[in-house]
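**Q**
Residue numbers (my numbering): 7 to 995.
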């Protein structure tokens, strides 16, 4: 049937050497029964959306092109139902962690597989310029992912880069600049005037409780003496510093700060010197075009972002060239290459250094409000400067035990160094041979190389490396090579459509590592290894990983109504022993497109309706070790000239893949000519042969007292909902809304080899519970009679008559945290999570916004717990401590301050759990596009100015709380995410 169509736009998709053009037509020029097929990127090819039976969410460049993001991982947040994001840190260039449809594993990675232009990508997402990306697709079920076999258990993200278009050449330039600040506010903490009386109260209460016969007045006097300096009779002081101009023994009298006390100095803020407003700038230039036979796309980009924490920044240069050419009618060739150079100052990794003295997030948060980071004259109290005019920092000799005595995190941050340089080459090439109208042979190759160089310097003035100083040099090179060969046969027999794919793929990964560490600095201002005397460590290693796969897929549809799809892949992985190295992964899916039936084909209300379902099995071999089946030994433990070797890793030779069996059922719908579209899905993922670190007795002499084995089974299941609607759509005004929501239930269903439980931190793994269920002491509350902290008593102590066991409101409780009952205490997994957003366009104006949310689940807020000590010895205190128990009969959830009970009050327990509910204004963009009539006189085809922001606002259960920082619900003293607001413009010629 021949039709004349007036076409308004063209959208190009590319994957693995395949170019497909999907054209949209003006609605009022197409007969009612005409529909333009939408083509979607799938594993190793592309497919009409209406014939898909898998779960595949596509996000196009226009949905994230204007956002001030450094990594495409940031665009995944809120992009699809079923995708949960643990937000990245505030370190410029960092990327978030991603989970697709739950917790794919316990002992090995849960990250999805990334595929760039048809081949596997294992490098940093920050190495890919988001402005070079045309789209990304999130594959969530076995029908979509099974062709990636042993790497697909956690889902797959297909990234398609931009290509040139036939026709007139296009030249585009964009720039943006803006500010970087803190998005998560700090916890509220008491000030210097409130602090001294609170510590005095703890000393007084503890003294009176332990020596009641001396009387309250004596306890008061003791607290006043010991508060700061102490004396010979009572011993040393607790806080050691008095910032007021009164006698330290008269600073607090009977619990009240001396009314005559005036501050000697006011520079008591530890955050201000380290945290300020950062700066971001981004420049993009691309040139593209093409003839009837060849298209090309080239781009260069520059990004520079300084974080709100001093000495944290990221600078990236990117250059890319992509060429596709129809050399002969039967031969098409293409290649692309990207070169990336990035460097920056690294902030301290808070998660790995949660309690370290060099952690600026911890010590600016928990430093008591009575300490100055700077040294002062003991007589005039003036700030001291050295002979060169530099401020002198306080070394901390006059601080309490909880205030990092002997250290100064500001000075150490300024003096220490941690710099990284990364160099990437990301290359792709393909050839496509059209054997006949039905048969196509193609091959794709990808070679990526990354070289990372990292240098650290530990100063010789203060801190871990003092007094000698230290230097470290890290260097690693990663190389990956992927080569696949594909045979694709596509044919139509009447109304029957068949597509058959047969492929083979090789994957090679090599990692080379070199590390050196020396101490004893010789001359200043030189942190090269040659400037240090004593070599402490010099080591290197090389890791190799290989994988080979053979795969096939068959798709069938009848009139695009009845749909079938089946795929299978055989994979072999070098991580496992030869007899368990190979396994098969497969899927089968079916769909029924009801819209194609006669009873709906003429419906004006229902424009799309499809039922689909799939079942399959994929795997996960991405373990921490490349040699899981081999017991290994660690070299380098030498004693002078005598060589030394240690047992490093005990292996189970039979260990093998984790298998992920997935069921997916979904409904895709569209109403009112697709003004309203959406989907509803249910999934069930069963992970078998879970790899757990199984505990072994200490007497076994095994490193870490564990051995990794396949010992468990777990499921993830839930519902996903998504909807997109054009509420208003006129010539000048369009209002679109979209939303998605997801549920998740996770549960361990089996543990084998005699294992009944595995306790790890705040969690206990056992059958019938989630891997993220909390296992904690059971906090009961505060005894109104005396303010004691109370816990539910463990069964072993319930019938004893010890003084620390009591009955309150008919409940057996204890004041001793060592006798507390442990039990499950909720979960970190939310009841519902997702996003919603809107886009409003009026003439040349456009506004878009997105919110992310979570309902249910709990966070173990250890950061808050550190601010709620009942006896702080120089550490900061939350303003919630002001609600402490002080009077018999008082009802409160904060125990009395006391040196005699603070260990129980501060103990890890369910007390520190808090709701993980949050609502975050994730991003917004406001733009104005100048009309073509205005620009035509200037020789410009497009000009747009815009304002954009990320992480603009967040509502949580507690100020300072960051519930999205970890999937398992734990908190750490980390670099909280940044708020970025930029202004910029795009111009096209």
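The C-beta atom is built at its ideal place from N, Cα and C for all residues, glycine as well.
Classify residue 766: buried if its beta carbon has 16 or more other beta carbons within 10 angstroms, exposed otherwise.
**A** Here residue 766 is taken as the residue at index 760 of the chain shown, counted from 1. By the 10 Å Cβ count, residue 766 comes out exposed.
**Q** Would you grab the beta carbon distance between residue 930 and residue 955 for me? Rounded to a whole angstrom, and I think it's under 8 Å.
**A** On the chain shown, residue 930 is found 924 positions in, with the first residue counted as 1. On the chain shown, residue 955 is found 949 positions in, with the first residue counted as 1. With a Cβ gap of about 5 Å, residue 930 and residue 955 count as contacting.
**Q** Could you tell me the distance, in whole angstroms, from the CA atom of residue 925 to the CA atom of residue 860?
**A** Translated into the one-based positions of the chain shown, residue 925 becomes position 919. Translated into the one-based positions of the chain shown, residue 860 becomes position 854. Distance between the alpha carbons of residue 925 and residue 860 is about 7 Å.
**Q** Residue 21: buried (16+ other C-beta within 10 angstroms of its C-beta) or exposed?
**A** Indexing the chain shown from 1 puts residue 21 at position 15. Note that residue 21 scores 33 on pLDDT, short of 50, meaning its location in the model is unreliable; the coordinates nonetheless yield the value given after this. Classification of residue 21: buried, given that the 10 Å Cβ count is 16 or more.
**Q** With distances taken between CB atoms, is the gap from residue 133 to residue 432 smaller than 8 Å?
**A** Taking the chain shown and counting its residues from 1, one reaches residue 133 at position 127. Taking the chain shown and counting its residues from 1, one reaches residue 432 at position 426. Yes.
**Q** Assuming residue 199 is part of the alpha helix (DSSP H), what are its boundary residues?
**A** For this step, residue 199 is matched to residue 193 along the chain shown. 198–216 is the extent of the alpha helix (DSSP H) around residue 199.
**Q** For residue 535, does the three-state DSSP call read helix, strand or coil?
**A** For this step, residue 535 is matched to residue 529 along the chain shown. If DSSP states are grouped into helix, strand and coil, residue 535 belongs with the helices.
**Q** So, at 6 Å on beta carbons, what are the nonlocal neighbours of residue 511 in its own chain, with the 5 sequence-adjacent residues on each side left out?
**A** If you number the chain shown from 1, residue 511 lands on position 505. Setting aside the 5 residues that flank it on each side, residue 511 is surrounded in the same chain by 490 and 555, each with a C-beta closer than 6 Å to its C-beta; the list follows chain order.
**Q** For residue 615, I'd like the list of residues in its chain whose CB is within less than 6 Å of its CB, leaving aside the five on either flank, ordered along the chain.
**A** Working through the chain shown from its first residue, we reach residue 615 at position 609. The answer, listed in chain order, is 600, 601 and 675.
**Q** In this structure, does DSSP put residue 991 in helix, strand or coil?
**A** As a first step, residue 991 must be located in the chain shown, where it is residue number 985. Strand.
**Q** Identify the continuous alpha helix (DSSP H) that holds residue 911 and give its terminal residues.
**A** If you number the chain shown from 1, residue 911 lands on position 905. 908–912 is the extent of the alpha helix (DSSP H) around residue 911.
**Q** Secondary structure at residue 986, three-state DSSP: helix, strand or coil?
**A** Here residue 986 corresponds to residue number 980 of the chain shown, with the count starting at 1. In the displayed model, residue 986 falls within a strand according to three-state DSSP.
**Q** By a C-beta neighbour count over all protein chains shown, 10 Å radius and 16 as the cutoff for buried, is residue 19 buried or exposed?
**A** In the chain shown, counting from the first residue as 1, residue 19 sits at position 13. The predicted model places residue 19 with a pLDDT of 27, which falls under 50 and marks its position as unreliable; any figure quoted below should be read in that light. Per the 10 Å Cβ criterion, buried.
**Q** Whole angstroms is fine: what's the gap from residue 910's alpha carbon to residue 872's?
**A** Here residue 910 refers to the residue found at position 904 when the chain shown is read from its first residue. Here residue 872 refers to the residue found at position 866 when the chain shown is read from its first residue. The C-alpha of residue 872 is placed about 13 Å away from the C-alpha of residue 910.
**Q** Can you give me the C-alpha to C-alpha distance between residue 68 and residue 49, rounded to a whole angstrom?
**A** Taking the first residue of the chain shown as 1, we reach residue 68 at position 62. Taking the first residue of the chain shown as 1, we reach residue 49 at position 43. Distance between the alpha carbons of residue 68 and residue 49: 22 Å.
**Q** Taking residue 474 as the reference, which of 539, 518, 462 and 457 has the closest Cα?
**A** One-based indexing of the chain shown puts residue 474 at position 468. Nearest to residue 474 by alpha-carbon distance, out of 539, 518, 462 and 457, is 539.
**Q** Please work out which residues of its chain come closer than 7 Å, Cβ to Cβ, to residue 629, disregarding the five sequence neighbours upstream and downstream, and give them in chain order.
**A** Counted from its first residue, the chain shown places residue 629 at position 623. These residues qualify, in order along the chain: 114, 581 and 697.
**Q** Measure the alpha-carbon distance for residue 36 versus residue 740 and round it to whole angstroms.
**A** Within the chain shown, the letter at position 30 stands for residue 36. Within the chain shown, the letter at position 734 stands for residue 740. With a pLDDT of only 36 at residue 36, under 50, the local geometry of the prediction cannot be trusted, and the value read off the model is given with reservation. Approximately 21 Å, taken between the alpha carbons.
**Q** Does the beta-carbon of residue 777 have 16 or more other beta-carbons within 10 angstroms, so that it is buried, or is it exposed?
**A** Taking the first residue of the chain shown as 1, we reach residue 777 at position 771. Per the 10 Å Cβ criterion, buried.
**Q** Which of the three DSSP states is assigned to residue 747 in this structure?
**A** Looking up residue 747 in the chain shown gives position 741. Correct three-state label for residue 747: strand.
**Q** One question on the structure: do residue 666 and residue 624 come within less than 8 Å of each other, judged by their Cβ atoms?
**A** What you label residue 666 is simply residue 660 of the chain shown in a count that begins at 1. What you label residue 624 is simply residue 618 of the chain shown in a count that begins at 1. Yes.
**Q** Helix or strand or just coil, what does DSSP make of residue 389?
**A** Position 383 of the chain shown, counting from 1, holds the residue named residue 389. Three-state result, residue 389: strand.
**Q** Excluding the 5 residues preceding and the 5 following residue 804 in the sequence, name in chain order all residues of the same chain whose CB lies nearer than 6 Å to its CB.
**A** If you number the chain shown from 1, residue 804 lands on position 798. Taken in chain order, the residues that qualify are 818.
**Q** In whole angstroms, what is the alpha-carbon distance linking residue 265 and residue 377?
**A** For the purposes of this step, residue 265 is taken as residue 259 along the chain shown, with counting starting at 1. For the purposes of this step, residue 377 is taken as residue 371 along the chain shown, with counting starting at 1. Looking at the two C-alpha atoms, the distance is approximately 20 Å.
**Q** Rounded to a whole number of angstroms, what is the C-alpha to C-alpha distance between residue 46 and residue 54?
**A** As a first step, residue 46 must be located in the chain shown, where it is residue number 40. As a first step, residue 54 must be located in the chain shown, where it is residue number 48. Each residue's Cα considered, the two are about 6 Å apart.
**Q** Relative to the alpha-carbon of residue 387, which residue among 269, 454, 351 and 488 has its alpha-carbon at the smallest distance?
**A** Stepping through the chain shown from its first residue, residue 387 is reached at position 381. Considering only alpha carbons, the answer is 269.
**Q** Residues in the same chain with beta-carbon distance under 6 Å from residue 9, minus the five sequence neighbours each way, listed in chain order, please.
**A** Stepping through the chain shown from its first residue, residue 9 is reached at position 3. Interpretation of residue 9 is limited by its pLDDT of 34, a score under 50 that renders its predicted location unreliable; the figure taken from the coordinates is listed afterwards. Same-chain partners within the cutoff: there are none.
**Q** Looking at C-beta atoms only, is the number of pairs between the stretch 641–654 and the stretch 707–720 that lie closer than 8 Å three or more?
**A** yes
**Q** Suppose contacts are defined by Cβ-Cβ distances below 8 Å. Is residue 830 in contact with residue 877 by that definition?
**A** Residue mapping note: residue 830 aligns to position 824 of the chain shown, counting from 1. Residue mapping note: residue 877 aligns to position 871 of the chain shown, counting from 1. Taking 8 Å as the Cβ cut-off, residue 830 and residue 877 do not qualify as a contacting pair.
**Q** Mark residue 407 as exposed unless 16 or more other C-beta atoms lie within 10 angstroms of its C-beta, in which case mark it buried.
**A** The residue given as residue 407 occupies position 401 in the chain shown. When all chains shown are included, residue 407 counts as exposed.
**Q** Which residues in the same chain as residue 832 place their Cβ atom closer than 7 Å to its Cβ, once the five residues preceding and following it in sequence are excluded?
**A** The residue labelled residue 832 in the question sits at position 826 within the chain shown. Counting only Cβ-Cβ distances below 7 Å, and skipping sequence neighbours, we find 780, 864 and 919.
**Q** Which of helix, strand or coil does DSSP assign to residue 598?
**A** Position 592 of the chain shown, counted from the first residue, corresponds to residue 598. Reduced to three states, the DSSP call for residue 598 is strand.
**Q** Shortest alpha-carbon distance to residue 166 belongs to which of 618, 142 and 962?
**A** Mapped onto the chain shown, residue 166 falls at position 160. Of the residues 618, 142 and 962, the one whose Cα lies closest to the Cα of residue 166 is 142.
**Q** Quick check: what's the CA-CA separation for residue 597 versus residue 147?
**A** In the chain shown, residue 597 corresponds to position 591, counting from 1. In the chain shown, residue 147 corresponds to position 141, counting from 1. For residue 597 and residue 147, the distance between alpha carbons rounds to 14 Å.
**Q** Can you have a look at residue 897 and say buried or exposed, based on whether 16 or more other CB atoms are within 10 angstroms of its CB?
**A** The count along the chain shown starts at 1 and reaches residue 897 at position 891. Exposure of residue 897 is indicated by the presence of fewer than 16 other C-beta atoms within 10 angstroms of its C-beta.
**Q** Look up residue 975 in the DSSP assignment and say whether it is helix, strand or coil.
**A** The count along the chain shown starts at 1 and reaches residue 975 at position 969. Looking at residue 975 - three-state DSSP - the assignment turns out to be coil, as it is neither helix nor strand.
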